[in-house]
């Protein structure tokens, strides 16, 4: 048989050759370094056979895929350590059951059904034992068993989970196991792939936590104990990740939301339904104002379509058929059923249909800041980043096919300019395209033209993008903005989608230049996504130290004694007249306490007024945005803060 | 027996004396002028007996109540004319049925079940016959029948409606009839009161329209034909009323909404749920911006609490018990029932409760522009003035009892300043106070102090007010702003209510100066009421010619030929940069058509650009706000429009 190597060369091999055979055939050095192979792009291990004619690449530790193998093998090593721990405690082997142990981003987990709850000390012990098992450098041996025998093995162990997993495998599929450390070691039902030996695992791993997890994610099934671990190729990567987690905890927007008095949740209102306190509402308002300004400048028109519609509309649009699970239940009023809006598109199309339109009206850009309601599972809710009430900065652009490129480019520009204002410059676009399967509506030519239009727009706007074939929605291609925050975490924010189907379902029409009727294409587009989620993201991005223009209170004026209070109030008035959000410290509060309170609220400027300042019409200020200064001209200070806030400056030049 | 007269004198009368007897005892002149009496303040007719010791006032045509009597008698006269018309057509008397015929504002109506539909010609005939019946000067004779006899009479006539009315009367109540023109004339089951003779009816009446009306307003009962009429004491009043109606028709905000492309309704969305087109959304946005600015300037804080809550909250607040009929049905999600918010108060109180509060935080003024949902009966819906989705400019002020007066005064000031911006200067306040009945919570002293505080605030703010005893809600006194529009029609707009009960129901607390806990008083307050309703009112008030600052498009730039288009676009850019909402006429549109379109949209300024204007950097403009001018400096024009829009000027000084 033969396989093809990355350099295009053909390699002749004996029948049933494995990945290891390939590496050895290339050379002994590579054979020693080999940790796995990619066969036709798919990761596999050295023990598995390669197919005739396949493209084969050898994976070494320099390859990013090596960590996939290591993380998977670590899950088995952890399972062995857990099993040993409980056996050493004298537990019955028949009471130690295992669910699944997959690789996840940055690490791995394994689900266990154990005689007792795990505690933090257990994790220390398990991790220590894992390091010994890694050092023991045990080979992982793969073998297959007939279905009956495999079932028999786990039935004997009284293990319901593995039995269920095997029963769910299609008959005819090979049932494979990986064994490490021989019969005394650990064997697991597993499809692989794995490293050849535990000794190849880099030591840069750490067990993180234990959490409850329903078997197969189903709330009606037993709850297992899930141990999470992280693992990296280098010490630096592990440390960076742990720092990132530590930072993220400090920056947790839920914690910041409480501390900065921005928002809250209440049992009486409902999960996933945030309430915004005055400071949070001010931020929302500023965020939406920014997008509204940009949209207005770029010829978008704002509309208002409320929050509920008759269910019939969603019958027509197809949302009841495809999206009902994500919607709140209907309000049944006699014969009429109403639904809260989970999306604006059907309402915007209804509004489009209420007026006569000719080709001269296109492109018609309809924008709305509407709060939408989606019945996310309660387990999925997370502060502001996953809510049930979300205010999208949404728009629908009705256009011709020829206008897709320019409208897409315009949408890209608005998104980029907006992210720029927040200093989010590290992003790329994922362009989701049609795959080969037949779920897509509209003909291939239409798709091809739209795809070309999107690529051309991305190129002309100079946006970095990656293509994901087969990831498009059935109704058209789309572009998602993936932005990295200050901790390097990736967030999906803005989205732009082409829609070939809904406009015709809802009967949208315009009169073309030759007097005939045609259906417009619609681009669905959000700038920051939703106000709630974006606020959560930027709170974490800035660790609560948001830019001056966005700060709910921009200046806190602190009189040194109550004697200076009248002067402080005068300064507040001046600041407010200049459009600055300013307030004075509470009456009777001591200066140090007042300064401390303002610091806890992360107010960008604290202006302190005493005798000297008032005599000379000056302020002394402490700032989170620039060096502190004493004895600055008060009017110059007002002007400085006002100008920087109005300009939405991210970096502030110190006041000279 | 004796009665008391308005001048305090006592009048001795024989037993069973009637109103007529009272008038005659005072003097023959008054007896001739007498049309009715008021007995202890209640209108009655001359035939009815007066009670021993009652206060009696004689009603003559100079008394406003005389028209109450005349309108009621007109309903009977109309019924007689209708009956005669159909009898003359040869209809079977058993097929002519009558429902009820009450007095309404400015007139009267009567509901009929007839063998055929009425048409406009019928109204002319009926009205002509009514004038004859008035001239015939028939006396109205009142008499009572025993229940059985009364029922028998209508059963014989096969009249289901009157039978039902009698059956619904409590047994023991007198069943009275009024007969006019003897047995040949017309007799009706009626409680009265009426004029003594048809000849006393002033001739200033007119039949207006026929409309379908369900028997007793119940959609499951038969639909009757209702004839509406208006009637006034003088020709001038009738003419003014007819002019007002004619004007109102032209100004109908639903018509203006279509013509000015502001808003629409759609079957797929639902009745009472308006959709705002871009021009309407711009107006909403400007209106809310105005109130937000005022509120911010006066120390209100804005919050955001979404649109749905758990039903439990409304169980606690008492809304489920008292307000469920006005709410949309619940969304039932497993064990949880959610409701759309019909009011913000419980949400604002929940938000209040989420934070610790001391007396230093009071008064705490929480404002929100939240869209509320109320399931108004479909028959009550009317364009924007009665909708199911209403965006209140709502606020709740948490304060101490001592702060009621100053907070109420501040609320009055915001309302007045806001109404001023719209040029609504003709208003008064109806102050609804506690009555004698026992439905009110909180003790008398608390009510008395609050009532004094409201009066003092109204006096200090110089607001005209009338007191309405017994009109207060059970939870506290309130003040409603009644404003007259350009046609003199009265609208209830803003409202300020004192609430002694809900804060304690929802457990609102603050820590007082001595460290104990206390419940705040809450003022509920809206400025314009709701954005939707207020928009409807001011569209009619201004007949669509809204002030410059509020106009969705402030300047339409029209190039004389396409040759001048580039210059026109340049002017649009300049205007926009100055914050003016401006647009250019469609490409290829002829100048006259473009001007006409802008006029139909009532755009305040049309700037026309030709060779001369462009050569000299000038514009010629037509304006709805000031005299037209040619050859004005373009920059001066931009500055002029921008400054007047920013200042929200109502009257515009012509550009010099």
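Residue numbers (this note's numbering), protein chains in the order written: chain A, 1 to 656; chain B, 657 to 1312. Just so you know, even glycine gets a beta-carbon here, dropped at the ideal spot from N, CA and C.
Please list the terminal residues of the continuous beta strand (DSSP E) segment that includes residue i.
i	result
residue 678 of chain B	Looking at the DSSP string, residue 678 of chain B is not in any beta strand (DSSP E); the run it does join, the alpha helix (DSSP H), is 675-682.
residue 644 of chain A	Where residue 644 of chain A is concerned, there is no enclosing beta strand (DSSP E), although the alpha helix (DSSP H) it sits in stretches over 634-646.
residue 1215 of chain B	1211-1215
residue 1274 of chain B	1274-1279
residue 666 of chain B	666-668
residue 42 of chain A	42-44
residue 542 of chain A	Unbroken run through residue 542 of chain A: none, as it is neither H nor E.
residue 773 of chain B	Element bounds for residue 773 of chain B: n/a, residue is neither H nor E.
Residue i and residue j look like a contact to me (Cβ under 8 Å); what is the Cβ gap, rounded to whole Å?
i	j	result
residue 598 of chain A	residue 606 of chain A	5 Å
residue 558 of chain A	residue 595 of chain A	6 Å
residue 388 of chain A	residue 273 of chain A	6 Å
residue 74 of chain A	residue 227 of chain A	With 8 Å as the limit, residue 74 of chain A and residue 227 of chain A do not qualify as a contact, their Cβ atoms being about 11 Å apart.
residue 468 of chain A	residue 430 of chain A	6 Å
residue 548 of chain A	residue 604 of chain A	5 Å
residue 781 of chain B	residue 741 of chain B	6 Å
residue 396 of chain A	residue 486 of chain A	Wrong, their Cβ atoms sit about 33 Å apart, outside the cutoff.
residue 793 of chain B	residue 853 of chain B	5 Å
residue 1071 of chain B	residue 1193 of chain B	About 14 Å separates the two Cβ atoms, so there is no contact after all.
residue 10 of chain A	residue 2 of chain A	5 Å
Based on DSSP bridge pairs, tell me the residues matched to residue i.
i	result
residue 482 of chain A	A:428 and A:492
residue 711 of chain B	B:660
residue 819 of chain B	Note: residue 819 of chain B sits in no beta bridge, so no partner.
residue 796 of chain B	B:836
residue 75 of chain A	Bridge partners of residue 75 of chain A: none, in fact.
residue 213 of chain A	A:224
residue 860 of chain B	B:888
residue 995 of chain B	B:965
residue 765 of chain B	B:884
By the DSSP assignment, the alpha helix (DSSP H) with residue i in it spans what residues?
i	result
residue 120 of chain A	120-135
residue 312 of chain A	311-317
residue 399 of chain A	Note, residue 399 of chain A: premise wrong, no alpha helix (DSSP H); beta strand (DSSP E) at 389-399.
residue 1073 of chain B	1060-1077
residue 347 of chain A	345-353
residue 258 of chain A	253-259
residue 1267 of chain B	1267-1271
residue 1186 of chain B	Taken as a continuous stretch (DSSP letters only), residue 1186 of chain B belongs to no alpha helix (DSSP H), being part of the beta strand (DSSP E) at 1177-1186.
Quick one: which chain C residues come within Cβ less than 9 Å of residue i?
i	result
residue 1168 of chain B	Among the chains of the structure shown, chain C does not appear; the protein chains present are A and B.
Below 6 Å, is the gap between the Cβ of residue i and the nearest heavy atom of the ligand PLP?
i	result
residue 80 of chain A	As presented, the structure is devoid of all ligands, the ligand PLP included, so that no description of it is given.
For the segment 291-310 of chain A, list every residue whose C-beta sits within 7 Å of some C-beta in chain B, in sequence order. 301, 302, 303, 304, 305, 306, 307, 308, 309 and 310
Taking any Cβ of chain A, which residues in the segment 784-799 of chain B have a Cβ under 9 Å from it, in chain order? none
Going along the segment 924-943 of chain B in order, which residues come within less than 8 Å of chain A, judged by CB to CB distance? 924, 925, 926, 929, 930, 931, 932, 933, 934, 936, 937, 938, 940 and 941
Is it a yes or a no for the segment 711-725 of chain B touching the segment 692-701 of chain B, going by three-plus beta-carbon pairs under 8 Å? yes
Just by C-beta distance, which residues in the segment 968-990 of chain B are closer than 8 Å to chain A? 968, 969, 972, 984, 985, 986, 987, 988 and 989
State whether the segment 730-742 of chain B contacts the segment 785-803 of chain B, with contact taken as three or more CB pairs (one from each stretch) at a distance under 8 Å. yes
Selection of the segment 256-268 of chain A by Cβ proximity to chain B, strictly under 9 Å: 261, 263, 264, 265, 266, 267 and 268
Counting pairs of Cβ atoms below 8 Å between the segment 881-899 of chain B and the segment 762-780 of chain B, do you hit three or more? yes
Pairs of beta-carbons, one from the segment 277-296 of chain A and one from the segment 956-974 of chain B, closer than 8 Å: are there three or more? yes
Against chain A: residues of the segment 1040-1052 of chain B by CB proximity under 7 Å: 1045
Count the CB pairs spanning the segment 1160-1180 of chain B and the segment 1008-1027 of chain B that are closer than 8 Å, and state whether there are at least three. yes
Three or more C-beta pairs below 8 Å linking the segment 1170-1182 of chain B and the segment 1220-1231 of chain B: no
Taking a Cβ distance cut-off of 9 Å, strictly less, list which residues of the segment 41-58 of chain A are near chain B, in chain order. none
Does the count of Cβ pairs from the segment 1059-1066 of chain B and the segment 1032-1043 of chain B closer than 8 Å reach three? no
Evaluate the contact criterion for the segment 860-871 of chain B versus the segment 893-907 of chain B: three or more CB pairs, one atom per stretch, below 8 Å. yes
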